[in-house]
Amino acid sequence: MKLLQDKVALITGASRGIGKAIALRLAGEGANIAFTDLKEDENMQAVVKELEALGVKAKGYASNAADLNQTLQTVEAIMADFGRIDVLVNNAGITKDGLLLKMSEEQWDAVINVNLKSVFNFTKAVQPVMLKQRSGSIVNMSSVVGVSGNAGQTNYSASKAGIIGFTKSVAKEIGSRNIRCNAIAPGFIITDMTGQLPEEVRKTWAEKIPLKRGGTPEDVANVCLFLASDLSSYVSGQVLHVCGGMNM
Ligand code: NAI
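Under the numbering used here, the sequence shown has 227 at position 227, and the numbering climbs by one with no breaks.
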């Protein structure tokens, strides 16, 4: 029996990067996958095909996770298509880095809305479904900088720290209904997001990591599988660092 056989997982921002790796990992354990991203493009279509090749049902939804109305409509559509939601992975996120002195209101608002408000939006939309089912696992993608802070990322660090407070509060609010809520704090993971950084910066990061390498999306996806499945049945309100030992 696979770990997530016949379960339905909803993952935001999964047309590439960590979200895509999570979708594939959960599908490999039998989960049917509903995922979102900003556009229905060739990336989204390719992910659907890769997931279907694993023998599960899969569908991509174009939906801006920062928009509550779009989120509510998307969850309604997913319920019509899949009939249930067992796992929610709030993964969508962006960076708009810059020193506070130069940071615009637009940079601040965009990152808070996409990274933090999206977690409120999807958790709020999915909560009634999970309450009715009397079970569920919510996994929120935070970051090591949400714990430690990072110069040039006040907006991003604040959004990721906010996710941690939200996660712990949700765990307390609906734990009695058999719904677990945890966060993952990835360190330096090699994706398009970090690929924008200059080679020099990426090298310096890797040198600071005890395991001496950047993480892969699959490293994060394995931890997400643990938190999504019954392997972590007594784990809630926690922040699991996936950072090669960078944050202790
Ligand atoms: P990525 O940029 O490669 O992928 C993010 C995906 O989210 C993209 O497909 C993008 O189109 C989608 N997205 C962006 N805004 C959206 C919105 N408003 N609605 C729906 N989808 C949206 O990023 P990556 O590296 O895969 O990151 C995934 C998550 O992991 C993010 O929350 C990020 O903050 C977090 N993270 C990443 C780390 C890294 O080193 N790559 C480290 C720590 C956390």
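For each residue, glycine too, the CB sits at the ideal point set by N, CA and C.
- For the 8 angstroms CB-CB criterion, Glu29 and Gly60 do not form a contact.
- Beta-bridge analysis with DSSP links Tyr61 to Thr36.
- With a threshold of 7 angstroms, the Cβ atom of Gly28 does not count as near the ligand NAI, since no heavy atom of the ligand is closer than that.
- For Asp81, the distance from the CB to the nearest heavy atom of the ligand NAI is not below 7 angstroms.
- For Ser137, the secondary structure class from DSSP, reduced to helix, strand or coil, is strand.
- Put simply, the backbone Cα of Leu131 is about 15 angstroms away from that of Val8.
- Residue side-chain check: Val235 keeps its Cβ at 7 angstroms or more from all non-hydrogen atoms of the ligand NAI.
- According to the DSSP assignment, Ala183 belongs to the beta strand (DSSP E) that extends over Ile179 to Pro186.
- Taking all protein chains shown into account, Val201 has fewer than 16 neighbouring C-beta atoms within 10 Å of its C-beta and is therefore exposed.
- Shortest gap from the CB of Ala34 to any heavy atom of the ligand NAI: 7 angstroms or more.
- It is roughly 34 angstroms from the alpha-carbon of Ser236 to the alpha-carbon of Gly98.
- Between the beta-carbon of Ala62 and that of Val114 there is about 15 angstroms, and that puts the pair past the 8 angstroms contact cut.
- In the DSSP assignment, Asn91 falls outside any beta strand (DSSP E) and carries neither an H nor an E.
- Ala9 sits in a strand when the DSSP states are folded into three classes.
- Judged by the Cβ position, Gly245 fails to qualify as a neighbour of the ligand NAI at the 7 angstroms threshold, every heavy atom of the ligand being at least this far.
- At a cut-off of 7 angstroms, the beta-carbon of Asp97 does not count as near the ligand NAI: no heavy atom of the ligand is closer than that.
- A contact between stretches requires three or more CB pairs, one per stretch, nearer than 8 angstroms, and the segment 132-152 meets this requirement with the segment 227-243.
- By the criterion of a C-beta distance shorter than 7 angstroms, Ser148 is surrounded in its chain by Asn247, once the five residues flanking it on both sides are discounted.
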